[in-house]
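Read the structure below first, then the notes.
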Amino acid sequence: MTRIFESFASKGQVFRSKHVLQLSYVPERLPHREQQLEQLAGMLAPALRMEIPSNILIYGKPGTGKTASTIFVGSELERIAAEKGIRVRFVYVNAGLKKLTDTEYRLYAYLANLLGRPFPHTGLPTSQAYETFAQSIDDQKSIVILVIDELDVLVKKNPDVLYTLSRMNSELKNSKISIIGITNNLNTLSSVDARTKSSLSEEDLIFPPYNADQIADILRERSQEAFLRDVLDEDALLFVSAHAAKAHGDARRALELLRVSGEMAEREGSNKVNREKVAKAITKLDSDHALSVTKTLPHHNKLILKAILGRCDEPHLFTGDIYEGYEQLASDSGLTPLTLRRVSDILNEFDSMGLISSKIISRGRYGRTRAVSTKNLSSLRTKLERLLIHA
DNA sequence: CCTCCACCGGAACGTGAGGAGT
DNA sequence: ACTCCTCACGTTCCGGTGGAGG
-11 MTRIFESFAS KGQVFRSKHV LQLSYVPERL PHREQQLEQL AGMLAPALRM
39 EIPSNILIYG KPGTGKTAST IFVGSELERI AAEKGIRVRF VYVNAGLKKL
89 TDTEYRLYAY LANLLGRPFP HTGLPTSQAY ETFAQSIDDQ KSIVILVIDE
139 LDVLVKKNPD VLYTLSRMNS ELKNSKISII GITNNLNTLS SVDARTKSSL
189 SEEDLIFPPY NADQIADILR ERSQEAFLRD VLDEDALLFV SAHAAKAHGD
239 ARRALELLRV SGEMAEREGS NKVNREKVAK AITKLDSDHA LSVTKTLPHH
289 NKLILKAILG RCDEPHLFTG DIYEGYEQLA SDSGLTPLTL RRVSDILNEF
339 DSMGLISSKI ISRGRYGRTR AVSTKNLSSL RTKLERLLIH A
């Protein structure tokens, strides 16, 4: 035992401070986001003259620095305002937190609680939740800048939230509110009424994906702090960057990849992170994700996945085939199968979870359907099947 | 060019869980 | 005990559709 710990302590020296690679870490510098930072600061600056800043909508793919940039600018603003004795309050919520902030009611209740007005997380009408939330904002006696991250989650369920929020200022006595919405894609807001939309996005800010060079810069900056000297070689870093750039310029994934690569090296008692470690980390990350997602799947979803795996050596898998297989599995275990309609939605969910990748194709005479590719799954097929065996 | 397949995906509705308030 | 609230998860119904084959 002692030997294990000792060898661990002496051999695998990899990290200097690992938390720099963690998702929650907000860096002091955000390379290649200078323009966005400046624009955002400019948009919020009126708050320092006691004027209400415009409402802002921020667009950008995951891992493009939206959240980090916004929090950075927001906390700077709050700090400077405090120095000048101006009451500015910066409030951040992620609307994507399941069971906590992901509906209109829950968002209001959560914020009211956060701002010091206790409110039950369920049971009462939404209108009351809104009232309490509005009061909690008014309590601040400040210019409140409310950031709603992952706004799309909220809007998909109920577009009216935005209408309510956009009209809020007329009901506030002592405070003023300005809203920053952050969203992954422009489409989700298409369901929103045009006037509400324009009042909510008086200003727009777009975060383009990083390219490989930019990701490399980010990684270089962070890895200097995160890793000990000479642990990470440049080749590995470039490899990570290239991989992340290919996958939609997601810097978050790149950082995660770097962290996992380092952890693998650490565990192997090595103090080098090279290209091979990264390659290993990529497969590990993918399979870990698929496995953990699968484990928590509801019963019927597991059966559907099982049906997919059972036929995944066929060149083309269509919804109908999958449904057929699933129906069989369900009735074998004495369950009434879900409808095709529902299964279709579940397949969509699988897609967005990254378990499968599918697209709608037309086979002309033979109808229009979803073609499912199981490429992501085939490598972990046996692992998954073992997991699903008693489903 | 038209048809018609095999689904897609929106909408409305039902049910039961989880939880107020009275 | 009873009413009222939201919400996840399903079902039912149905209009819509890209393109191979006639």
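If you're matching positions, the first sequence starts at -11 in my numbering and goes up one per residue.
Ideal Cβ placement from N, Cα and C applies to all residues, glycine included.
Bear in mind the structure is a predicted one, so any value in this text is a computation, not a measurement.
For residue i, three-class secondary structure by DSSP
| i | result |
| --- | --- |
| Asp140 | helix |
| Arg247 | helix |
| Val228 | helix |
| Lys49 | coil |
| Gly237 | coil |
| Leu257 | According to the sequence as given, residue 257 is Gly; it is not Leu. Of the three classes helix, strand and coil, the one that applies to Gly257 here is coil, per DSSP. |
| Leu174 | coil |
| Asp276 | helix |
| Asp192 | strand |
| Ile377 | coil |
| Ile40 | coil |
| Leu18 | coil |
| Ser166 | strand |
| Leu134 | strand |
| Val281 | helix |
| Val383 | This structure leaves residue 383 out entirely; the chain is present only between -11 and 379. |
| Ser361 | strand |
| Leu220 | strand |
Residues of its chain near residue i, where Cβ-Cβ distance is below 7 Å and the 5 sequence neighbours each way are ignored
| i | result |
| --- | --- |
| Asn199 | Ala233, Gly237 |
| Leu139 | Ala83, Gly169, Ile170, Thr171 |
| Tyr314 | Leu291, Ile292, Ala295, Pro325, Val331 |
| Asn101 | Phe107 |
| Pro197 | Lys49, Thr52, His236, Gly237 |
Cβ-Cβ separation, residue j to residue i (assumed contact under 8 Å), whole Å
| i | j | result |
| --- | --- | --- |
| Val266 | Ala214 | Their Cβ separation, rounded to whole angstroms, is 15 Å, which puts Val266 and Ala214 out of contact at 8 Å. |
| Val403 | Val141 | Nothing can be reported for residue 403, as the shown portion of the chain is limited to -11 through 379. |
| Leu99 | Ser124 | 7 Å |
| Leu343 | Ala278 | 6 Å |
| Leu375 | Thr284 | Between Thr284 and Leu375 the Cβ distance is about 11 Å, and since that is not below 8 Å, they are no contact. |
| Leu273 | Leu245 | 7 Å |
Nonlocal neighbours in the same chain, by C-beta distance under 6 Å from residue i, ignoring five residues either side
| i | result |
| --- | --- |
| Tyr311 | Leu328, Val331 |
| Arg151 | The sequence shown places Tyr at residue 151, not Arg. Taken in chain order, the residues that qualify are Thr184. |
| Ser187 | Ser154 |
| Thr110 | none |
Residues of its chain near residue i, where Cβ-Cβ distance is below 8 Å and the 5 sequence neighbours each way are ignored
| i | result |
| --- | --- |
| Arg75 | Ala69, Gln128, Lys129, Ser130, Ile131 |
| Glu395 | Residue numbering for the chain in the displayed model covers -11 to 379; residue 395 lies beyond these limits and cannot be assessed. |
- Which whole runs of the beta strand (DSSP E) in the region 58 to 131 are 3 residues long or more, in chain order? DSSP runs (the beta strand (DSSP E)) wholly in the region 58 to 131: 76 to 82.
- Task: Spell out a yes or no on whether the region 118 to 131 and the region 162 to 170 are touching, meaning 3 or more CB-CB pairs, one atom from each, closer than 8 Å.
- Result: With a cut-off of 8 Å, the region 162 to 170 and the region 118 to 131 count as touching, because enough Cβ pairs lie within range.
- Query: Can you list, in chain order, the stretches of the beta strand (DSSP E) that have 3 or more residues and sit fully within the region 296 to 358?
  - Reply: Taking only runs of at least 3 residues, the beta strand (DSSP E) segments lying wholly in the region 296 to 358 are 345 to 350.
- Item | Sufficient close CB pairs (3 or more, under 8 Å) joining the region 296 to 311 to the region 354 to 367 | Contact between the region 296 to 311 and the region 354 to 367 is present, because at least three Cβ pairs lie under 8 Å.
- Message: Any contact between the region 268 to 283 and the region 29 to 49? By contact I mean 3 or more CB pairs, one from each, below 8 Å.
- Response: No: the two stretches stay apart, fewer than three of their Cβ pairs being nearer than 8 Å.
- Count the C-beta pairs between the region 199 to 212 and the region 13 to 28 that are closer than 8 Å, then say yes if the count reaches three, no if not. By the criterion of at least three beta-carbon pairs nearer than 8 Å, the region 199 to 212 is in contact with the region 13 to 28.
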